[in-house]
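When the sequence shown is numbered by my numbering, its final residue is 423 and no position is left out of the sequence of numbers.
Don't be surprised by glycine CBs; every beta carbon is placed ideally from N, CA and C.
Just so it is clear, the structure is predicted and the values come from calculations on it, not from any experiment.
Notes follow once the structure below has been shown.
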Amino acid sequence: IDAIGTSRSGVAGKETGDDQHTTLKTPFTRLPIIFGGMGANTGLLSTLLLEMSGFSLEHGWWARQKRAFYKTFLRRNPPKPTKRVLTIGATNRIQVLDPALLRPGRFDKKIRIDAPDLEGRRDIIEYYLSKMSHDDSIDPLILATETPGYTPADIKYLLNEALRYALFDGRTAISIRDIRMAQPEHEFGLRQPIRNMTLADKRRLAAHEAGHAMAVRMFMPYHRIARVTIIRQGGAHGYVLHYPATEEFQGLQTYERLMDRLRVSVGGKAAEMEYCGEGAQTLGVGIGFGDASDFGQSRLVLQMMAAAGMFGPIGATWESGKADGEMSKEMVEAMEEAFRMALDEVRVALRLHRDMGEALIALLMEKNELYADEVEEFFNRYGYYTPKVKLNRDELQGEVIAGEKGS
């Protein structure tokens with residue numbers, strides 16, 4: 017429905033002064049029209065609103081002929097149509113819809129459908145894979161863990177892109193490698209390797225990503241690593257993709273889980289300091305201080321913890337009568353202390369596993385990127401194993417069975 021129902025004062029709209037709409041004259045009409053969005057420009061939105069309100073007449077050649085016949089020969093208006101139309105609309109972008117579409121009486125019933133959970137994504141993946149040629153390397157459950165927040169449309173698009181990779185490679189069946197090549201392109205953009213990077217910069221970049229990967233394996237043993245790369249993509253010179261082996265929920269994360277996220281976010285900085293020297297720190301491999309950067313992720317986790325009072329009662333002072341983003345001195349000190357504590361922990365861990373870190377840096381510099389099977393094989397050699405994927409209900413079922421045996 018968002019294709020024709022975009023808000024007339026939204027992204028596509030134009031505001032002038034106090035008036036939110038601009039009246040224009042077109043070659044096709046001398047009447048003023050409202051500029052804003054595809055629906056308003058083409059008249060589709062106005063037509064849809066008229067139809068839904070029941071004010072519109074029948075359309076088409078036959079309707080015009082019938083009206084002309086009644087008025088010419090019978091001298092009266094044609095009878096009102098007896099057929100009614102049930103209007104059903106769907107959108108993934110409800111925030112861009114025109115408010116007129118959402119007023120009471122337009123759509124009598126509104127149903128919200130959230131993105132599928134882990135089990136739902138697995139079922140959707142199995143459905144689409146049943147219509148495609150694929151090899152045995154694709155495990156729908158593992159792929160479901162690597163696509164949190166994906167809608168059915170996202171999953172279908174991802175598999176179609178993976179098929180494109182396979183066809184360009186001269187194959188008629190997709191593999192898990194095709195999917196893992198297509199997913200970052202879908203989420204971040206095209207891969208753009210840097211050809212003239214110096215050896216020192218490449219080693220520092222490899223150390224940064226190796227630090228993140230090692231922090232995931234040591235401090236988040238419940239996560240799986242899908243990819244480690246030092247190939248530029250989507251504004252980042254490198255990144256580590258990792259996902260929980262079981263379904264996780266943002267609002268249910270504990271203090272320790274959030275601290276684990278903080279430790280992983282500072283892993284790159286810690287690795288640069290330990291493996292490249294104190295003065296060899298970067299700004300987060302090319303994406304600066306935005307929310308997607310290491311600094312942005314650290315700041316986000318710390319702010320969530322502080323606002324929730326996880327550093328003590330100072331959380332109650334968050335944005336209390338102050339400018340947006342302003343924090344109390346006590347809160348700032350608590351956040352800085354948590355950051356230093358996490359950084360020190362990770363630095364010590366990387367220092368104790370220097371041989372593993374140097375080996376991972378060398379491997380990244382040689383191959384530029386590592387996929388899940390290669391990452392798992394590497395860490396297995398050092399005793400850090402990748403967790404197996406399982407549904408939460410399997411764990412609950414096991415607890416029920418154990419309880420029955422105990423009773």
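Cβ-Cβ distance between residue i and residue j below 7 Å
i, j, result
"Thr6", "Met68", "Since the first residue shown for the chain is 17 and the last is 423, residue 6 is missing from the structure and cannot be characterised."
"Val317", "Leu278", "yes"
"His224", "Gly284", "yes"
"Leu134", "Glu263", "yes"
"Arg138", "Pro156", "yes"
"Met236", "Val280", "yes"
"Ala178", "Ala160", "no"
"Pro95", "Lys82", "no"
Candidates the options, of which the one nearest residue i by Cα
i, options, result
"Val232", "Ile140, Arg80, Leu274, Leu113", "Leu274"
"His228", "Val256, Tyr400, Pro95", "Val256"
"Pro260", "Tyr86, Thr107, Leu61, Asn408", "Asn408"
"Pro209", "Tyr173, Val348, Met351, Gly250", "Gly250"
"Glu393", "Met326, Leu379, Lys126, Gly105", "Leu379"
"Asn396", "Ala322, Ala198, Met326, Met234", "Met234"
"Val348", "Phe204, Gly328, Ala365", "Gly328"
"Arg370", "Ala286, Pro164, Phe355, Ser344", "Ala286"
"Ala169", "Pro95, Tyr144, Val391", "Tyr144"
"Met445", "Arg196, Val362, Ala322, Asp194", "Not covered by the structure: residue 445. The range shown for the chain is 17 to 423."
"Arg128", "Arg243, Thr107, Ile241", "Thr107"
"Gln269", "Gly254, Glu353, Ala242, Ala324", "Ala324"
"His150", "Gln81, Pro164, Arg193", "Arg193"
"Asp130", "Thr167, Gly121, Gly105", "Thr167"
"Asp310", "Phe265, Ala350, Gly254, Gly267", "Gly254"
"Ile195", "Ala182, Trp77, Gly267", "Ala182"
"Ala226", "Pro120, Ala350, His258", "His258"
"Leu65", "Arg80, Ala388, Ala79, Gly121", "Gly121"
Cα-Cα separation between residue i and residue j, rounded to whole angstroms
i, j, result
"Arg109", "Glu382", "43 Å"
"Thr214", "Ala222", "12 Å"
"Pro132", "Ser314", "28 Å"
"Gln111", "Leu118", "11 Å"
"Leu61", "Pro115", "11 Å"
"Leu386", "Glu294", "27 Å"
"Gly399", "Leu376", "14 Å"
"Thr245", "Asp152", "25 Å"
"Arg92", "Tyr86", "6 Å"
"Ile141", "Ala84", "55 Å"
"Arg356", "Leu175", "42 Å"
"Glu288", "Ala189", "41 Å"
"Asn384", "Arg248", "10 Å"
"Glu203", "Gln297", "27 Å"
"Leu366", "Arg220", "15 Å"
"Glu272", "Asp217", "34 Å"
"Leu368", "Lys345", "35 Å"
"Arg187", "Ile154", "15 Å"
"Tyr173", "Gly136", "17 Å"
"Pro403", "Val391", "12 Å"
"Gly165", "Glu352", "31 Å"
"Met372", "Met230", "9 Å"
"Glu201", "Trp77", "48 Å"
"Phe184", "Arg80", "53 Å"
"Gly5", "Met320", "The chain is shown from 17 up to 423; residue 5 falls before or after that span and cannot be answered."
"Ile171", "Asn212", "36 Å"
"Ala350", "Met326", "10 Å"
Host beta strand (DSSP E) of residue i (start-end)
i, result
"Pro476", "Within the shown structure, residues of the chain are numbered from 17 to 423, placing residue 476 beyond reach of any answer."
"Thr161", "Looking at the DSSP string, Thr161 is not in any beta strand (DSSP E); the run it does join, the alpha helix (DSSP H), is 156-161."
"Arg91", "Arg91 -> no beta strand (DSSP E), and no H or E assigned at all."
"Ile190", "No beta strand (DSSP E) holds Ile190; DSSP gives it neither H nor E."
"Ala242", "239-245"
Residue interval of the alpha helix (DSSP H) (run including residue i)
i, result
"Tyr259", "That residue, Tyr259, is in no alpha helix (DSSP H); its beta strand (DSSP E) goes 255-260."
"Val280", "271-281"
"Tyr173", "168-184"
"Glu385", "Premise fails: Glu385 lies in the beta strand (DSSP E), 385-387, not in any alpha helix (DSSP H)."
"Val362", "345-368"
"Gly293", "Per DSSP, Gly293 belongs to no alpha helix (DSSP H) and is neither H nor E."
"Gln81", "77-85"
"Gly121", "Premise fails: Gly121 is in no alpha helix (DSSP H) and is neither H nor E."
"Gly328", "Note, Gly328: premise wrong, no alpha helix (DSSP H); not H, not E."
"Met234", "215-235"
Cβ-Cβ separation, residue j to residue i (assumed contact under 8 Å), whole Å
i, j, result
"Val405", "Ile158", "5 Å"
"Tyr291", "Glu374", "7 Å"
"Thr252", "Glu162", "For clarity, residue 252 is Ala in the given sequence; the question names Thr instead. Between Glu162 and Ala252 the Cβ distance is about 18 Å, and since that is not below 8 Å, they are no contact."
"Gly105", "Phe123", "7 Å"
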